[in-house]
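Worksheet: one structure, shown below.
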Amino acid sequence: ILLFQQQRMFDILCCWYYTVMRVQRYVEGSIVHVTKRGGRGLAIVSNNHDRERFRRLLYHMNDHYADDAWESDTARLGPFERPAHWPRKEPLVDLLAFTLLTNHFHILVRARSEGSVGKFIKRVTASMSKYHNAKYKTVGSLFQGSYTGRTVDEEKYLQYVAGYIMIKNTLELRPRVSNRNSDNFNEAWKWITECPWSSLGHYAQKTVMPEIEDAILKKIFPNYEELKKYGREYLAGRFDSPTYLQTTKDI
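Residue numbers for the sequence shown follow the numbering used here, beginning at 1218 and rising by one.
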């Protein structure tokens, strides 16, 4: 009986955590760091085609207009072109930054209205699950539970969180390079700013990413030199991180 009661309490606490702590209705203007992981730590992308599709999702799903046939509608268009019969684009969120890893992704968004963050994430992940199941003959959700969302409510931490998403996590994609190692910085920096699965290259002016709304972070990283200087100091551990990044091993 005691074990049953303990298990019941554990289930109640888990339910509370997932419904209250993990999924919040962010108000207009909230800047939110979102993380979403594959179920059981499994991969959410398997090749570059999957990764390119993820970037297209970030663009096409970020819209009040929804079309389940978006892939067929855009099949003969460029990756970020909209069909002429679609209405004018009205973004749900401002996508400030992202990095896509093998088994999870990080994004930084600014809510344009209450509930818009959750709606955007749901659209992206539902499409990814449906696509993955059809392509790889699997069933069920591709992802683990609800997304993790943390509000960046202190301006001094916005720069750090952007660095965490775009620098630290992109460096994890580079083979045999520690994300805390500043040795041979120039070589590592060149690699991560050219990685197409992170928005860092957009802010480093190596490419233009139509899915990114850069006005907010360009105030923090106004030019390439400032961004690279920050990257070097970030990897050297010279900045204080938000509490949630200090207390979470692997958000």
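Ideal placement from N, C-alpha and C gives every residue a C-beta, glycine not left out.
For residue i, collect the residues of the same chain with a Cβ closer than 7 Å to its Cβ; drop the 5 residues on either side in sequence, then sort them by chain order.
i: Y1235; result: Low per-residue confidence applies at Y1235: pLDDT is 41, beneath 50, and the placement is therefore not dependable, though the value from the model is reported in the following sentence. Excluding sequence neighbours, Y1235 sits near G1362 and S1363.
i: S1416; result: A1314, F1315, M1383, M1426 and I1429
i: K1306; result: D1280 and R1299
i: L1259; result: N1320
Beta-carbon within less than 8 Å of residue i's beta-carbon, same chain only, minus the 5 sequence neighbours each way: which residues are those?
i: V1244; result: A1328 and E1331
i: K1423; result: T1410 and E1411
Apart from the five residues just before and just after residue i, which ones in its own chain have a Cβ nearer than 6 Å to its Cβ?
i: H1323; result: T1252, T1316, I1382 and N1386
i: W1414; result: R1268 and L1317
i: W1287; result: H1277
i: R1239; result: In this prediction, R1239 scores a pLDDT of 49, lower than 50, which makes its location untrustworthy; no coordinate-derived value is stated.
Is residue i helix, strand or coil when you go by DSSP?
i: Q1223; result: With a pLDDT of 46 at Q1223, under the threshold of 50, the modelled position of this residue cannot be trusted; read the value that follows with caution. Q1223: helix per DSSP, three-state reduction.
i: K1253; result: strand
i: A1453; result: coil
i: P1459; result: coil
i: L1313; result: strand
i: L1325; result: strand
i: F1297; result: coil
i: G1357; result: coil
i: I1248; result: strand
i: A1405; result: helix
i: K1385; result: helix
i: G1258; result: helix
For residue i, report the span of its alpha helix (DSSP H) as first-last.
i: R1270; result: N1265 to H1277
i: L1375; result: E1372 to G1380
i: K1336; result: S1333 to Y1353
i: D1290; result: W1287 to D1290
Taking the continuous beta strand (DSSP E) assigned at residue i, which residues delimit it?
i: T1365; result: T1365 to T1368
Is residue i near the ligand HEM - that is, is its Cβ less than 7 Å away from at least one heavy atom of it?
i: K1373; result: In the structure shown, the ligand HEM is absent, as is every other ligand, since no ligand is present at all.
Next on the checklist: Going residue by residue through the region 1410 to 1448, where are the continuous alpha helix (DSSP H) segments of at least 4 residues, counting only ones entirely within it?
Outcome noted: For the alpha helix (DSSP H) assignment, the uninterrupted runs of no fewer than 4 residues enclosed by the region 1410 to 1448 are, from N- to C-terminal side, 1417 to 1420 and 1432 to 1437.
Next on the checklist: Any contact between the region 1360 to 1380 and the region 1273 to 1293? By contact I mean 3 or more CB pairs, one from each, below 8 Å.
Outcome noted: Output reads no: the region 1273 to 1293 does not touch the region 1360 to 1380.
Checklist entry - Does the pairing of the region 1443 to 1461 with the region 1364 to 1383 give three or more beta-carbon distances under 8 Å? => result With a cut-off of 8 Å, the region 1364 to 1383 and the region 1443 to 1461 count as touching, because enough Cβ pairs lie within range.
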